[in-house]
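Below is one structure, written out as structure tokens, with a few remarks after it.
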Amino acid sequence: MSDAEAKALGLRAANTSGIDGWVGFSSAADYTYDPDNRAVAGAYDFIGVAEHEIAEVMGRYGMTQKRL
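Residue numbering for the sequence shown follows the numbering used here, starting at 4 and increasing by one per position.
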């Protein structure tokens, strides 16, 4: 369970120090930022990457109950 999820469920104190999660993006990767043209050859879909990473920080789990 992620720290953010534990805090949201009241399993950890909401005022603990430190960060609950972190998401970073490479400045060396080629991204497409156009929401109307997300399938660009040779570029990562920034919207999809951001949604995926934010979901992981929030504690998304798969059907196997293992962290994805």
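Every residue gets a Cβ at the ideal spot worked out from N, C-alpha and C, and that includes glycine.
Unbroken alpha helix (DSSP H) run spanning Val-26, endpoints = The sequence position of residue 26 within the sequence shown is 23, counting from 1. Run containing Val-26: none; DSSP gives neither H nor E here.
For Ser-20 and Gly-62, believed in contact at Cβ under 8 Å, the rounded distance = Start at 1 with the first residue of the sequence shown, and residue 62 comes out as number 59. Start at 1 with the first residue of the sequence shown, and residue 20 comes out as number 17. Contact flag wrong, Cβ pair sits at about 20 Å.
Residue range of the unbroken alpha helix (DSSP H) whose run includes Val-43 = The sequence position of residue 43 within the sequence shown is 40, counting from 1. Note, Val-43: premise wrong, no alpha helix (DSSP H); not H, not E.
task = Taking Glu-59 as the reference, give the member of Trp-25, Lys-10 and Arg-15 with the closest Cα.
result = The count along the sequence shown starts at 1 and reaches residue 59 at position 56. Nearest C-alpha to Glu-59: Trp-25.
request  = Compute the Euclidean distance between the alpha carbons of Glu-56 and Ala-16, then round it to the nearest angstrom.
outcome  = Locating residue 56 in the sequence shown gives position 53, counting from the first residue. Locating residue 16 in the sequence shown gives position 13, counting from the first residue. Roughly 24 Å separates the two Cα atoms.
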